[in-house]
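To keep things clear, I will list the structure first and then write my remarks on it.
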Amino acid sequence: MKLDNIVDVIENKKITENFYLMSFLWNGTEPLPGQFVNISVPGKFLKRPFTVFNYENNVLSILYKVVGEGTKIMSDWQTGLKTECLGPLGKPFALDNNITVMVGGGTGIASLYYLSNKIEGEKYIFLGFSSSDESRYFYEIFSKNGSEIFISSMDGGYGFKGNVIELLEKEIDNIKGKKTIYSCGPHKMLASLYRFEKYYDIEKIWVSLEERMGCGFGACLGCAVQTKDNNFKYVCKDGPAFLLSDIVL
Ligand SMILES: Cc1cc2nc3c(=O)[nH]c(=O)nc-3n(C[C@H](O)[C@H](O)[C@H](O)COP(=O)(O)OP(=O)(O)OC[C@H]3O[C@@H](n4cnc5c(N)ncnc54)[C@H](O)[C@@H]3O)c2cc1C
Ligand code: FES
4 MKLDNIVDVI ENKKITENFY LMSFLWNGTE PLPGQFVNIS VPGKFLKRPF
54 TVFNYENNVL SILYKVVGEG TKIMSDWQTG LKTECLGPLG KPFALDNNIT
104 VMVGGGTGIA SLYYLSNKIE GEKYIFLGFS SSDESRYFYE IFSKNGSEIF
154 ISSMDGGYGF KGNVIELLEK EIDNIKGKKT IYSCGPHKML ASLYRFEKYY
204 DIEKIWVSLE ERMGCGFGAC LGCAVQTKDN NFKYVCKDGP AFLLSDIVL
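Residue numbering for the sequence shown follows the working numbering, starting at 4 and increasing by one per position.
Shown next as structure tokens:
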């Protein structure tokens, strides 16, 4: 399997106040939902990890926020720029035949879009944002593939006023049948999902973690997460998705 790729930027644009969408021409191995790529940024020793937001017709896209120097440099990249990109990395989400419930907050929503495009059957997507501007934009994007969408925003200007976990709590009993939850977002949000383990019809809760990474392939031990049996797993090689019941957040 070829993991080391030179990619061409096809498009890189600011789509909302906080988010950028970048697409690359991708001739490497086809990624699966839940996997990520590690992107080289000139002048930075460590590559930056980003979830595969979508993959279609040899075009791989990432959805990102500018949070530091690396992402600031990336936000200025123009069409035609070439960079090194390692991937697809990490284990893909494990799929099953249950009803799918996805829960995303902030940049965590990036892990759910490709998954929602690949999963057939009943699916419900809960997305939480800080502002109604983002809520509107992503409602349009995610509702294209037949999922039922629930939106929360902290300012209450669009959808439910409050956080996405409160919204999930309000709606979960209306979704009948055996469910699997796939989630990605801030640690605090993911940790709030422990309380959903008590629901008899939620069989599995997968959480995709975005820990700080170094090497990205299991060598530096910098992305450790503690397991319930007092061991460690590594987000880059054992994850990024884990069963919530196996780890300590
Ligand atoms: C598996 C995985 C998937 C991710 N997917 C996305 C995504 O789809 N969209 C998105 O906006 N962000 C995502 N992140 C977070 C993203 O990698 C960081 O925001 C980015 O690396 C910050 O780089 P920087 O140089 O701008 O920030 P700096 O703070 O200057 O980065 C310094 C170092 O810390 C690392 N780092 C900083 N913040 C994070 C973080 N939150 N997670 C991991 N490493 C970090 C950087 O890679 C770099 O090595 C993901 C992280 C992981 C681990
Ligand atoms: S980032 Fe180095 S071991 Fe995971």
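Every residue gets a Cβ at the ideal spot worked out from N, C-alpha and C, and that includes glycine.
| Query | Result |
| --- | --- |
| Do you know whose CA, among Ile250, Ser211, Val228, lies nearest threonine 54's CA? | Ser211 |
| Tell me the DSSP secondary structure of lysine 181 in three-state form. | coil |
| Using CA atoms only, rank isn't needed, just tell me which of Asp99, Ile152, Phe22, Gly160 is closest to methionine 77. | Phe22 |
| Taking 7 Å as the line, does the beta carbon of glycine 31 fall inside it for any heavy atom of ligand 1? | no |
| Would you identify the three-state DSSP class for serine 64, choosing helix, strand or coil? | strand |
| Check glutamine 110 in the structure and name its three-state DSSP category. | At residue 110 the sequence reads threonine, which differs from the glutamine that was named. Note: threonine 110 maps to helix in three-state DSSP. |
| Alpha carbons only, please: which of Ser26, Leu98, Arg51, Glu14 is nearest the one belonging to proline 36? | Leu98 |
| Check this for me: beta carbons of proline 34 and tyrosine 58, under 8 Å apart or not? | yes |
| Would you kindly work out how many angstroms separate the C-alpha atoms of valine 12 and valine 106, rounded to a whole number? | 29 Å |
| Note down the Cα distance separating cysteine 88 from isoleucine 9, rounded to an integer number of angstroms. | 6 Å |
| In angstroms with no decimal places, state the Cα-to-Cα distance between serine 64 and glycine 219. | 19 Å |
| From asparagine 255 to cysteine 187, what distance separates their C-alpha atoms? | Beyond the ends of the chain as shown, which are 4 and 252, falls residue 255; an answer cannot be given. |
| With distances taken from each beta carbon to the nearest heavy atom of ligand 2, which residues come in below 7 Å, in chain order? | Met216, Gly217, Cys218, Gly219, Phe220, Gly221, Ala222, Cys223, Leu224, Gly225, Cys226, Tyr237, Val238, Cys239, Lys240 |
| For serine 138, which residues of its own chain have a beta-carbon under 7 Å away from its beta-carbon, when the five flanking residues on both sides are left out? | Phe132, Ile154, Ser156, Tyr161, Gly162 |
| For tyrosine 185, which of Leu130, Glu143, Asn60 has the nearest alpha-carbon? | Leu130 |
| At what residue ranges does the stretch 29-107 contain a whole run of the alpha helix (DSSP H), taking only runs of 4 or more? | 72-78 |
| Alpha carbon to alpha carbon, how far is alanine 222 from cysteine 239? | 10 Å |
| Since tyrosine 116 and phenylalanine 145 are thought to touch, with beta carbons under 8 Å apart, how far apart are those beta carbons, to the nearest angstrom? | 7 Å |
| Rounded to a whole number of angstroms, what is the C-alpha to C-alpha distance between isoleucine 175 and leucine 49? | 40 Å |
| So who's on the other strand from lysine 173, going by DSSP bridges? | Bridge partners of lysine 173: none, in fact. |
| Would you mind working out which of Gly180, Gly93, Ser150, Gly46 sits nearest tyrosine 202, comparing C-alpha positions? | Gly180 |
| Between isoleucine 168 and glutamine 38, what straight-line distance do the alpha-carbon atoms span, to the nearest angstrom? | 24 Å |
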